[in-house]
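**Student:**
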Amino acid sequence: MQFFPIHLYILLHLKRANVNYVKMIAKMIELSLELVKTALDDLMKAGLVERDQGSALKRSKAKFKKAFEVRKHHTYYKLSREGDLLVRRIDERWLRENLTVPYDLFKALMKTEDFKSACKEAGFNESEFFEEFLLHRLITPSGKKTKFFKMLTTMLSDRLIDLQ
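Under numbering that gives the first Met the number 0, the very last position in the sequence shown is 163; numbers go up by exactly one each time.
The following block contains the structure:
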């Protein structure tokens, strides 16, 4: 399976949060509910994410919840065993092989101010990948980094020393 950046973010987010629901994930990264729901469906079909059962959540299980215990009013999702094992394997080599956008350009964008600077640093033609990075919501139409990109790279940086 090739992983879009949104797939990667959801896997890393669920690893950190333990369980969460579509609306909260979409709100945190400022993307549409439909996009996040579609990505979650893709991950469920691949067997990497599953629905969480039960009618209540304790804060020890839902790490981003503030209350000690809450009743479920949404459909909550969590990593499956296969998803958890996959997240453990994510490193630079895995990203090079499985991320749908060019990894070297992705990494350069992490270190620079905007897409144009990243292309210069990584030696890519700006017009060749602009639409792809825009489509994946990694940059804005002006070439600046999106909140989604910043959140994704923060999660990756926490896990991978070579990205810092």
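Idealized CB from N, CA, C, for every residue including glycine.
As the structure is a computational prediction, the values presented were derived from the model and not from experiment.
1) With DSSP as the reference, label residue 24 as helix, strand or coil.
2) Are three or more beta carbon pairs between the region 36-51 and the region 75-85 nearer than 8 angstroms?
3) So what does DSSP say about residue 100, is it helix, strand or coil?
4) Expressed to the nearest angstrom, what Euclidean distance is found between the alpha-carbon atoms of residue 34 and residue 122?
5) Name the one or two DSSP bridge partners that residue 2 has.
6) Just to confirm the assignment: which complete alpha helix (DSSP H) runs, minimum length 4, are found wholly within the region 72-139?
7) Beta carbon of residue 13, beta carbon of residue 85: below 8 angstroms?
8) Under the rule that 16 or more other beta-carbon atoms within 10 Å means buried, what is residue 124, buried or exposed?
9) In whole angstroms, what is the alpha-carbon distance linking residue 139 and residue 147?
10) Could you check whether the region 25-32 touches the region 87-94, counting it as contact only if at least three pairs of C-beta atoms, one from each stretch, sit closer than 8 angstroms?
11) Have a look at residue 87 and residue 23 and give me their C-alpha separation to the nearest angstrom.
12) What is the rounded straight-line gap between the Cα of residue 5 and the Cα of residue 135?
**Tutor:** Inspection of the coordinates gives the following:
1) Locating residue 24 in the sequence shown gives position 25, counting from the first residue. Correct three-state label for residue 24: helix.
2) yes
3) As a working note, residue 100 is residue 101 in the sequence shown. The answer is coil: DSSP assigns residue 100 none of H, G, I, E or B.
4) Start at 1 with the first residue of the sequence shown, and residue 34 comes out as number 35. Start at 1 with the first residue of the sequence shown, and residue 122 comes out as number 123. Near 31 angstroms, if we compare the C-alpha coordinates of residue 122 and residue 34.
5) As a working mapping, residue 2 is identified with position 3 in the sequence shown. Paired residues: 98.
6) 80-88, 91-97, 102-110, 114-121 and 125-134
7) Sequence index remark: in the sequence shown, residue 13 carries index 14 (1-based). Sequence index remark: in the sequence shown, residue 85 carries index 86 (1-based). No; because the gap between Cβ atoms is not below 8 angstroms, this pair is not in contact.
8) Here residue 124 refers to the residue found at position 125 when the sequence shown is read from its first residue. Residue 124 should be labelled exposed.
9) One-based indexing of the sequence shown puts residue 139 at position 140. One-based indexing of the sequence shown puts residue 147 at position 148. Distance between the alpha carbons of residue 139 and residue 147: 11 angstroms.
10) no
11) For the purposes of this step, residue 87 is taken as the residue at position 88 of the sequence shown. For the purposes of this step, residue 23 is taken as the residue at position 24 of the sequence shown. If I take the Cα positions, the gap works out to 24 angstroms.
12) Taking the first residue of the sequence shown as 1, we reach residue 5 at position 6. Taking the first residue of the sequence shown as 1, we reach residue 135 at position 136. So the two alpha carbons sit approximately 8 angstroms from each other.
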